[in-house]
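Okay, so here's the structure we're looking at.
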Amino acid sequence: MTTTTVGAPTPQQPAADTAPRPRTKSWRSSIGLGVVALLSLLIFGLTTQAGSQTNFVIATNSDFVTLPSLTLPAKLAAVSFSIIALLLAGWTAYRANQYRKVGLWLPIVFGMAVMGALLTWAGAGRDNTTIQLTGLLTSALFLAVPLVFGALAGTLCERSGIINIAIEGQLLAGAFLAALVGSMAGNAYVGLIAAPIAGALVGLLLAIFATKYWVNQIVVGVVLNLLVVGLTSFFFSTVMTDNPDLNQALGLPRIDIPILSGIPVLGPVLFNQNLLVYIMYVVVIVLQIMLFRSRWGLRVRSVGEHPKAADTVGIKVNRTRIRNTVLGGAVAGLGGAFFTVASGLAFGKEMTAGKGYIALAAMILGRWNPKGALAAALLFGFADALRVQLGIIGSDIPSQFLAMTPYLATILAVAGLVGHARPPAAEGTPYKK
Amino acid sequence: MKLELRGITKKFGDFTANDAIDLVVEPGTIHALLGENGAGKSTLMNVLFGLYDADAGEILMDDDAVTFVGPGDAMAAGIGMVHQHFMLVPVFSVAENVMLGHEQVKGPAKLLDVGAARDKVRELSDRFGFDIDPDALVENLSVGAQQRVEIIKALSRDAEVLILDEPTAVLTPQETDELLEIVRQLRDSGTAVVLITHKLREVKAVADTITVIRRGKVVGTAEPSASQEELASLMVGRDVSMTVDKGAADPGEPVLRVENVTVVNEASGVTHVDDVSLEVRAGEILAVAGVQGNGQTELAEAILGLLPTAHGQIILDGNVLSGRSIRQNLDAGIGFVPEDRTEDGVVADFTVANNLILDLYDREPYSRRGAIDPQVVRTHAEEQVEKFDVRTTSTQALTGALSGGNQQKVVLARELARELKVLIASQPTRGLDVGSIEFVHKRIIEERDKGVAVIIVSSELDEVYALADRIAVMYHGKVVDIVAPDTDRDTLGLMMAGAHSKEEAA
Numbered sequence: 043m044t045t046t047t048v049g050a051p052t053p054q055q056p057a058a059d060t061a062p063r064p065r066t067k068s069w070r071s072s073i074g075l076g077v078v079a080l081l082s083l084l085i086f087g088l089t090t091q092a093g094s095q096t097n098f099v100i101a102t103n104s105d106f107v108t109l110p111s112l113t114l115p116a117k118l119a120a121v122s123f124s125i126i127a128l129l130l131a132g133w134t135a136y137r138a139n140q141y142r143k144v145g146l147w148l149p150i151v152f153g154m155a156v157m158g159a160l161l162t163w164a165g166a167g168r169d170n171t172t173i174q175l176t177g178l179l180t181s182a183l184f185l186a187v188p189l190v191f192g193a194l195a196g197t198l199c200e201r202s203g204i205i206n207i208a209i210e211g212q213l214l215a216g217a218f219l220a221a222l223v224g225s226m227a228g229n230a231y232v233g234l235i236a237a238p239i240a241g242a243l244v245g246l247l248l249a250i251f252a253t254k255y256w257v258n259q260i261v262v263g264v265v266l267n268l269l270v271v272g273l274t275s276f277f278f279s280t281v282m283t284d285n286p287d288l289n290q291a292l293g294l295p296r297i298d299i300p301i302l303s304g305i306p307v308l309g310p311v312l313f314n315q316n317l318l319v320y321i322m323y324v325v326v327i328v329l330q331i332m333l334f335r336s337r338w339g340l341r342v343r344s345v346g347e348h349p350k351a352a353d354t355v356g357i358k359v360n361r362t363r364i365r366n367t368v369l370g371g372a373v374a375g376l377g378g379a380f381f382t383v384a385s386g387l388a389f390g391k392e393m394t395a396g397k398g399y400i401a402l403a404a405m406i407l408g409r410w411n412p413k414g415a416l417a418a419a420l421l422f423g424f425a426d427a428l429r430v431q432l433g434i435i436g437s438d439i440p441s442q443f444l445a446m447t448p449y450l451a452t453i454l455a456v457a458g459l460v461g462h463a464r465p466p467a468a469e470g471t472p473y474k475k
Numbered sequence: 203m204k205l206e207l208r209g210i211t212k213k214f215g216d217f218t219a220n221d222a223i224d225l226v227v228e229p230g231t232i233h234a235l236l237g238e239n240g241a242g243k244s245t246l247m248n249v250l251f252g253l254y255d256a257d258a259g260e261i262l263m264d265d266d267a268v269t270f271v272g273p274g275d276a277m278a279a280g281i282g283m284v285h286q287h288f289m290l291v292p293v294f295s296v297a298e299n300v301m302l303g304h305e306q307v308k309g310p311a312k313l314l315d316v317g318a319a320r321d322k323v324r325e326l327s328d329r330f331g332f333d334i335d336p337d338a339l340v341e342n343l344s345v346g347a348q349q350r351v352e353i354i355k356a357l358s359r360d361a362e363v364l365i366l367d368e369p370t371a372v373l374t375p376q377e378t379d380e381l382l383e384i385v386r387q388l389r390d391s392g393t394a395v396v397l398i399t400h401k402l403r404e405v406k407a408v409a410d411t412i413t414v415i416r417r418g419k420v421v422g423t424a425e426p427s428a429s430q431e432e433l434a435s436l437m438v439g440r441d442v443s444m445t446v447d448k449g450a451a452d453p454g455e456p457v458l459r460v461e462n463v464t465v466v467n468e469a470s471g472v473t474h475v476d477d478v479s480l481e482v483r484a485g486e487i488l489a490v491a492g493v494q495g496n497g498q499t500e501l502a503e504a505i506l507g508l509l510p511t512a513h514g515q516i517i518l519d520g521n522v523l524s525g526r527s528i529r530q531n532l533d534a535g536i537g538f539v540p541e542d543r544t545e546d547g548v549v550a551d552f553t554v555a556n557n558l559i560l561d562l563y564d565r566e567p568y569s570r571r572g573a574i575d576p577q578v579v580r581t582h583a584e585e586q587v588e589k590f591d592v593r594t595t596s597t598q599a600l601t602g603a604l605s606g607g608n609q610q611k612v613v614l615a616r617e618l619a620r621e622l623k624v625l626i627a628s629q630p631t632r633g634l635d636v637g638s639i640e641f642v643h644k645r646i647i648e649e650r651d652k653g654v655a656v657i658i659v660s661s662e663l664d665e666v667y668a669l670a671d672r673i674a675v676m677y678h679g680k681v682v683d684i685v686a687p688d689t690d691r692d693t694l695g696l697m698m699a700g701a702h703s704k705e706e707a708a
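Pasting the structure below:
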């Protein structure tokens with residue numbers, strides 16, 4: 043509100059209500075995308091042998107509608123994919139020049155184009171091998187499951203102001219208890235029920251140390267991870283080794299959802315999965331709505347952003363934080379069931395292999411949003427699936443480099459290719475009255 | 203609603219913050235709670251608001267005793283509070299902030315009814331002429347607008363008693379006048395308003411009743427017709443002169459020259475200081491006035507060397523300062539009192555004695571052969587504490603435990619201990635009580651009279667008038683003009699909004 047006391051026109055707008063916003067051009071994302079697109083053109087486009095072909099198999103035999111497999115002239119396709127990527131990078135630069143941002147569709151389409159170039163290049167000239175597109179997507183989704191649950195757990199905790207580094211430990215605890223309880227009951231579904239309890243217990247420990255004793259949350263998280271590794275390894279090499287019955291390889295059956303699973307390409311990918319994957323869809327949707335459109339979500343976010351303000355309107359800060367951290371732990375624990383009962387494997391030492399940390403990166407890349415976490419986790423899952431697929435084709439790239447792709451994607455993504463993400467303001471800070 | 207406090211006592215350890223305080227607030231009146239910083243005003247209000255438990259005493263609303271376990275209870279009982287540091291979530295919209303804690307939901311899924319909150323904000327905003335957009339993000343609002351959001355927040359809960367804690371500390375003169383008008387409106391609509399402040403002018407402008415608190419006790423009540431001197435002496439406990447005696451300046455040669463200096467934030471690319479040139483002569487005080495956030499802070503920090511200059515030069519006694527280290531600049535005779543003393547002025551976890559030698563710790567006689575001599579440091583501290591009237595239990599007390607005024611005296615004592623050519627003080631008396639303000643102003647004028655070139659950055663016009671020999675007004679990173687100290691308030695106010703004084707005169 044401005045009060046002007048003179049009749050004479052004031053030369054400039056007096057201190058306005060809205061603080062001046064810095065109008066800066068951010069070139070980071072356009073430069074990043076441009077570099078990746080150029081590399082794609084140089085490596086995948088130009089080194090592909092002219093005249094060779096790549097076979098893509100889009101459908102599986104069991105599909106309702108069978109699509110024919112696709113054979114593309116490799117060089118033309120790889121160059122075209124790369125040029126699409128270059129155009130998208132150019133569009134980003136054009137928008138940045140106008141101080142405008144691009145939508146979420148752009149990085150997705152961009153990624154698909156670069157992946158297309160990569161796959162065409164990798165499969166070029168191998169007449170006896172084909173790129174199993176459906177298989178690739180199915181395994182991408184499947185490998186993303188623990189990352190999605192982990193990233194959702196992180197989102198739940200950090201939105202309330204608690205940093206959850208213990209996702210790794212929660213996944214591992216969930217995997218362990220799922221295998222143990224499932225084996226005891228002889229039923230994988232029972233294991234699925236037990237998994238979140240293990241994660242919630244780890245979450246409870248984190249919550250207590252963080253809110254009651256104000257211990258540095260990152261330190262507690264790391265220590266909890268080590269604690270879970272120690273405990274599970276101990277029981278694995280003692281109790282489970284002595285009684286193999288307690289660590290069986292159980293498996294959740296795939297449930298084929300009629301009609302939906304008949305959709306070409308995506309149907310079998312999305313709707314011919316096991317129960318854990320379907321639970322994941324529900325959790326993502328419910329959390330997305332609850333966090334941003336419910337009373338609970340508003341309060342949780344206020345606690346994570348400005349706990350004192352929440353306190354002054356009667357919201358119990360520490361109670362909210364403890365509740366969310368335990369809930370987050372339970373979600374991560376459920377995700378841990380992926381490693382054992384949902385994959386049909388017995389428990390193995392440290393079998394989560396750092397997935398909890400990748401989940402943390404997915405949470406950041408997803409900007410602390412459930413849907414963003416899902417998208418980021420799918421990206422990482424895809425990178426992982428690609429590694430497997432390229433390994434099968436027998437690509438020219440050394441397998442060690444392929445094994446690095448998900449982590450490389452993580453670093454590139456988190457380093458700000460998608461713009462600067464802002465974490466909840468009060469995260470990591472204990473609330474003291 | 204009538205609010206009554208009886209015998210409220212609140213102790214923190216051995217320290218009695220509130221000692222048997224009685225207070226009655228009638229509906230439809232403005233009750234000013236006047237006291238220095240640290241007198242216990244905010245503690246009292248936090249007890250009333252349910253943030254602290256009282257050790258003794260009771261709260262009555264319309265003659266019924268009530269107990270508040272948390273702020274939620276207090277709000278349910280009809281008490282609203284606008285905190286000194288706003289309790290708003292910056293990344294939420296206005297509507298979200300207003301509904302937080304008492305959200306309305308709709309539909310079978312019980313999702314937030316944002317529409318209802320929006321309507322509520324519009325209704326209250328229209329009723330008081332606030333002009334607040336319910337969908338604006340709070341972080342994009344000016345400080346004054348954020349405060350109006352706080353008021354809407356309290357009123358949306360049907361607050362019948364509204365507590366305003368130091369509401370004008372962050373406002374420009376114009377915004378302050380607007381706020382006081384709002385407070386009058388609220389009173390006329392039947393709200394009981396408690397105005398916590400240490401600013402006498404505001405109290406006299408709006409209060410119906412004045413209660414003065416000193417050291418946790420009610421020391422008296424006063425009528426708004428009482429003079430500022432009477433109120434101040436009641437508040438401080440001794441006679442205070444409201445105007446610091448200041449002789450005419452006797453300016454000598456220019457000591458510091460700022461030539462075409464531009465400061466750009468490297469991270470955001472925002473230009474904070476835009477081609478500023480000015481000079482300060484020995485033995486004069488140049489006050490840099492302006493609404494906060496117009497580049498004054500950055501200019502002061504650039505002179506010391508805390509911020510790099512993108513263009514231009516800063517010249518002290520013929521030597522270019524740019525590119526030299528801060529240590530070299532300090533040695534060249536710059537004294538610097540930062541804007542945020544708790545953040546940048548003192549190390550809160552260090553003792554008073556150690557804070558007093560932060561700039562001298564490695565010099566003789568404080569340090570010998572690489573080791574600090576604690577005895578010399580202590581003697582030095584005792585002298586300084588005496589000289590600057592720092593109220594502390596001992597020189598070995600932690601500086602963070604001192605009141606704001608005393609911390610500021612520590613900063614001044616440290617900076618003035620060196621031989622200075624230039625003293626730069628940003629907001630030297632922000633948050634200080636009357637007694638400390640007087641002291642700090644006296645010391646600054648003494649430095650001027652010793653021949654030091656002084657730059658004061660202040661957003662308080664009272665302070666600018668009290669100290670300035672010349673006034674430079676900054677707006678959007680530029681110096682609008684440099685004018686004489688007798689320029690009237692209205693003109694300065696307009697210049698602070700960017701109007702050129704010469705155009706104004708024409």
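Protein chains in written order, with the numbering used here: chain S, 43 to 475; chain B, 203 to 708.
Glycine included, every Cβ here is placed at the ideal spot set by N, Cα and C.
Span separating the alpha-carbon of residue i from that of residue j
{"i": "residue 439 (chain B)", "j": "residue 471 (chain B)", "result": "50 Å"}
{"i": "residue 553 (chain B)", "j": "residue 234 (chain S)", "result": "57 Å"}
{"i": "residue 404 (chain B)", "j": "residue 410 (chain S)", "result": "45 Å"}
{"i": "residue 433 (chain S)", "j": "residue 178 (chain S)", "result": "12 Å"}
{"i": "residue 221 (chain S)", "j": "residue 191 (chain S)", "result": "18 Å"}
{"i": "residue 64 (chain S)", "j": "residue 141 (chain S)", "result": "The pLDDT assigned to residue 64 (chain S) is 42, lower than 50, so where the model puts this residue is not dependable, and the model offers no usable value."}
{"i": "residue 374 (chain B)", "j": "residue 628 (chain B)", "result": "16 Å"}
{"i": "residue 381 (chain S)", "j": "residue 543 (chain B)", "result": "54 Å"}
{"i": "residue 171 (chain B)", "j": "residue 590 (chain B)", "result": "In this structure chain B extends from 203 to 708, so residue 171 (chain B) is not present and cannot be described."}
{"i": "residue 331 (chain B)", "j": "residue 695 (chain B)", "result": "22 Å"}
CB-CB length for residue i against residue j, believed under 8 Å
{"i": "residue 408 (chain B)", "j": "residue 386 (chain B)", "result": "6 Å"}
{"i": "residue 99 (chain S)", "j": "residue 175 (chain S)", "result": "6 Å"}
{"i": "residue 673 (chain B)", "j": "residue 489 (chain B)", "result": "5 Å"}
{"i": "residue 715 (chain B)", "j": "residue 354 (chain S)", "result": "For residue 715 (chain B) there is no data in the structure shown, the boundaries of chain B being 203 and 708."}
Any chain B beta carbon closer than 8 Å to residue i
{"i": "residue 354 (chain S)", "result": "yes"}
{"i": "residue 357 (chain S)", "result": "yes"}
{"i": "residue 143 (chain S)", "result": "no"}
{"i": "residue 340 (chain S)", "result": "yes"}
{"i": "residue 469 (chain S)", "result": "no"}
{"i": "residue 351 (chain S)", "result": "yes"}
{"i": "residue 72 (chain S)", "result": "no"}
{"i": "residue 200 (chain S)", "result": "no"}
Endpoints, the alpha helix (DSSP H) within which residue i is located
{"i": "residue 473 (chain B)", "result": "Run containing residue 473 (chain B): none in the alpha helix (DSSP H); it sits in the beta strand (DSSP E), 473-483."}
{"i": "residue 508 (chain S)", "result": "Because chain S spans 43 through 475 in this model, residue 508 (chain S) falls outside it and cannot be assessed."}
{"i": "residue 530 (chain B)", "result": "528-533"}
{"i": "residue 680 (chain B)", "result": "Run containing residue 680 (chain B): none in the alpha helix (DSSP H); it sits in the beta strand (DSSP E), 680-685."}
Contact with chain S by residue i, beta-carbon distance below 8 Å
{"i": "residue 312 (chain B)", "result": "yes"}
{"i": "residue 277 (chain B)", "result": "yes"}
{"i": "residue 302 (chain B)", "result": "yes"}
Extent of the continuous beta strand (DSSP E) run through residue i
{"i": "residue 115 (chain S)", "result": "112-115"}
{"i": "residue 423 (chain B)", "result": "419-424"}
{"i": "residue 579 (chain B)", "result": "That residue, residue 579 (chain B), is in no beta strand (DSSP E); its alpha helix (DSSP H) goes 576-589."}
Quick one: complete alpha helix (DSSP H) runs, 4+ long, within the region 331-389 of chain S?
337-347, 349-354 and 359-378
If you scan the region 206-240 of chain B from start to end, which runs of the alpha helix (DSSP H) of 4 or more residues do you find wholly inside it?
Segments of the alpha helix (DSSP H) lying fully in the region 206-240 of chain B: there are none.
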